[in-house]
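Engineer:
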Amino acid sequence: MSGGSEFRDRLRQGPPLLGTFSVIPSVEVVELIGLAGFDVVVLDMEHGAYELDNLGAVILAARARNVAPLVRVRWNEPALIGAVLDAGAAGVIVPHVQSAADASAVVAAGRFPPAGARGAHPWVRAADYDAGPDWFARANDSVALIVMVEGVEGLAAVDGILATPGIDAVFIGPVDLASSLGLGTQLDHPRVLEAVQGVVDRASAAGVVAACFSATPEGARRWFDLGVRMVMTGVDTQILLPALRAVVTTSRPQS
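Just so we're aligned, residue 71 is where the sequence shown starts under this note's numbering, counting upward by one.
1. Look up Asp123 in the DSSP assignment and say whether it is helix, strand or coil.
2. Consult DSSP for Val298 and reduce its assignment to one of helix, strand or coil.
3. Measure the beta-carbon distance from Val162 to Val141 and round it to whole angstroms, keeping in mind my assumption that it falls under 8 angstroms.
4. Taking the Cβ atom as the reference point for each residue, do Val222 and Ser250 lie within a distance shorter than 7 angstroms?
5. Determine the direct distance from the alpha carbon of Thr320 to that of Ala178, and round the result to whole angstroms.
6. For Arg78 and Ser212, which I take to be in contact (beta-carbon distance under 8 angstroms), what is that distance rounded to the nearest angstrom?
7. Since Ala290 contacts Thr303 with CB under 8 angstroms, what's their CB separation in whole angstroms?
8. So for Phe182, helix, strand or coil by DSSP?
9. Following the continuous alpha helix (DSSP H) through Val97, name the residue where it begins and the one where it ends.
10. For Ser72, does the count of other Cβ atoms within 10 angstroms reach 16, so buried, or fall short, so exposed?
11. Leaving out five residues on either side along the sequence, give the residues of the same chain with a beta carbon under 6 angstroms from the beta carbon of Pro165.
12. What's the call for Arg261, buried or exposed, on a 16-neighbour Cβ count within 10 Å?
13. Quick one: what's got a C-beta closer than 6 angstroms to Arg80's C-beta in the same chain, skipping five residues either side?
14. Please look up how many angstroms separate the CB atoms of Val137 and Pro95, rounded, as I've assumed it's under 8 angstroms.
15. Check for me: the alpha helix (DSSP H) holding Ala273 runs from which residue to which?
16. In this structure, how does DSSP classify Ser284 when only helix, strand and coil are distinguished?
17. Could you give the DSSP three-state label for Asp229: helix, strand or coil?
18. What does DSSP give as the partner residue(s) for Val143 in the beta ladder?
19. Say whether the stretch 193-205 touches the stretch 238-250, bearing in mind that this needs 3 or more beta-carbon pairs closer than 8 angstroms, one atom from each stretch.
20. Looking at the secondary structure, which residues open and close the alpha helix (DSSP H) in which Ser92 lies?
21. In the DSSP assignment, find the unbroken beta strand (DSSP E) run with Gly152 in it and report its ends.
22. Identify every residue that forms a DSSP beta bridge with Leu215.
23. Would you report the Cα separation of Leu225 and Phe283, rounded to the nearest angstrom?
24. Please state if the CB of Ala281 and the CB of Met300 are separated by a distance shorter than 7 angstroms.
25. Taking Gly158 as the reference, which of Ala197, Val97 and Ser92 has the closest Cα?
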């Protein structure tokens with residue numbers, strides 16, 4: 071499918087990318103995300119209602135509206151990662167990567183031999199159902215593999231994770247990170263900021279992109295200022311509900 075290699079190049083070379091998470095498996099919602107001007111949408115299988123049987127249409131809608139479709143899988147499982155990529159995702163985000171071995175498993179699942187061990191099938195959506203002999207090499211060049219560091223275990227192993235050949239980006243999960251540090255949801259706590267900055271600096275030194283989540287636009291700008299190259303701002307449900315409430319509040323007659 072077109073667009074994959076361009077996204078991976080943009081991820082690695084810049085400019086900074088802005089995205090959002092989607093937990094609603096809806097063609098129309100993802101179209102709106104693209105029309106709004108986001109660079110990336112994360113179709114969330116871990117916390118959303120996305121399944122393998124509803125990903126395909128949404129991935130096509132994202133590409134039609136020029137927003138790169140990434141998929142966050144539920145766990146670090148080779149068959150699931152391969153199936154998501156076969157469906158046409160521009161890349162995969164794998165949660166709870168806590169060691170270099172975990173990161174190596176992501177690469178093995180996401181790259182075809184000799185770079186990995188991804189199961190080969192040239193008649194899937196990602197290959198336009200009729201891949202030529204160079205498709206496997208092109209797929210290895212185009213797929214973005216992103217690992218999530220979300221807790222103290224991942225932080226302790228981050229140098230080994232970043233040194234894993236084939237990893238394109240490390241995604242810092244500040245919500246889980248703050249929780250693991252005993253800080254609840256204090257995403258702007260100095261310890262959280264210090265931890266994020268440490269990962270960003272290490273990632274830059276290792277030649278790996280740093281990505282992060284923000285619940286607010288203000289937080290997104292803060293992460294960009296700290297050197298994060300890709301920020302996911304909010305979730306579709308979180309964005310839609312306040313907008314709908316505002317319409318209700320402002321439309322009702324004032325007593």
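For each residue, glycine too, the CB sits at the ideal point set by N, CA and C. Model, not experiment: these values are computed from the prediction.
Structural biologist: Looking at the coordinates:
1. Residue numbering aside, residue 123 sits at position 53 when the sequence shown is read from its first letter. Reduced to three states, the DSSP call for Asp123 is helix.
2. Residue mapping note: residue 298 aligns to position 228 of the sequence shown, counting from 1. Val298 falls in the coil class under three-state DSSP.
3. Taking the first residue of the sequence shown as position 1, residue 162 is located at position 92. Taking the first residue of the sequence shown as position 1, residue 141 is located at position 71. Between Val141 and Val162 the Cβ distance is about 6 angstroms, and since that is below 8 angstroms, they are a contact.
4. Position 152 of the sequence shown, counting from 1, holds the residue named residue 222. Position 180 of the sequence shown, counting from 1, holds the residue named residue 250. Yes, the Cβ-Cβ distance between Val222 and Ser250 is below 7 angstroms.
5. Taking the first residue of the sequence shown as 1, we reach residue 178 at position 108. Taking the first residue of the sequence shown as 1, we reach residue 320 at position 250. Using only the alpha carbons, I get a separation of about 53 angstroms.
6. Within the sequence shown, the letter at position 8 stands for residue 78. Within the sequence shown, the letter at position 142 stands for residue 212. Right, the Cβ-Cβ distance comes to about 6 angstroms (below 8 angstroms), so this counts as a contact.
7. Here residue 290 is taken as the residue at index 220 of the sequence shown, counted from 1. Here residue 303 is taken as the residue at index 233 of the sequence shown, counted from 1. Yes, they are in contact, since the Cβ atoms of Ala290 and Thr303 sit about 4 angstroms apart, within 8 angstroms.
8. As a first step, residue 182 is located in the sequence shown; it is residue number 112 there, counting from the start. If DSSP states are grouped into helix, strand and coil, Phe182 belongs with coil.
9. Against the sequence shown, residue 97 aligns to sequence position 27. According to the DSSP assignment, Val97 belongs to the alpha helix (DSSP H) that extends over Val97 to Ala106.
10. Translated into the one-based positions of the sequence shown, residue 72 becomes position 2. Reliability fails at Ser72, whose pLDDT of 43 lies under 50, so the model's placement of it is uncertain and the value that follows must be treated cautiously. Classification of Ser72: exposed, given that the 10 Å Cβ count is below 16.
11. Position 95 of the sequence shown, counting from 1, holds the residue named residue 165. Excluding five sequence positions before and after Pro165, the CB atoms of its chain that fall closer than 6 angstroms to its own CB belong to Glu116 and Met218, given in chain order.
12. Position 191 of the sequence shown, counting from 1, holds the residue named residue 261. Looking at its Cβ environment, which holds fewer than 16 other Cβ atoms inside 10 Å, Arg261 is exposed.
13. As a first step, residue 80 must be located in the sequence shown, where it is residue number 10. Nothing listed; no residue qualifies.
14. For the purposes of this step, residue 137 is taken as residue 67 along the sequence shown, with counting starting at 1. For the purposes of this step, residue 95 is taken as residue 25 along the sequence shown, with counting starting at 1. About 15 angstroms separates the two Cβ atoms, so there is no contact after all.
15. Working through the sequence shown from its first residue, we reach residue 273 at position 203. First-last of the alpha helix (DSSP H) with Ala273: Pro260 to Ala276.
16. As a first step, residue 284 is located in the sequence shown; it is residue number 214 there, counting from the start. The answer is strand: DSSP assigns Ser284 an E or B state.
17. Residue 229 sits at position 159 when you count from the first residue of the sequence shown. The answer is helix: DSSP assigns Asp229 an H, G or I state.
18. The sequence position of residue 143 within the sequence shown is 73, counting from 1. Partner(s): none; Val143 has no beta bridge.
19. no
20. Within the sequence shown, numbered from 1, the residue matching residue 92 stands at position 22. Unbroken run through Ser92 is the beta strand (DSSP E), Leu87 to Ser92; no alpha helix (DSSP H).
21. Position 82 of the sequence shown holds residue 152. Bounds of any beta strand (DSSP E) do not take in Gly152; it lies within the alpha helix (DSSP H) bounded by Pro148 to Asp156.
22. By one-based count along the sequence shown, residue 215 stands at place 145. BP columns for Leu215 point to Val162.
23. The residue labelled residue 225 in the question sits at position 155 within the sequence shown. The residue labelled residue 283 in the question sits at position 213 within the sequence shown. Spanning the two alpha carbons is a distance of roughly 16 angstroms.
24. Translated into the one-based positions of the sequence shown, residue 300 becomes position 230. Translated into the one-based positions of the sequence shown, residue 281 becomes position 211. Yes, Cβ-Cβ distance for Met300 and Ala281 is below 7 angstroms.
25. Here residue 158 refers to the residue found at position 88 of the sequence shown. It is Ala197 whose Cα lies nearest to the Cα of Gly158.
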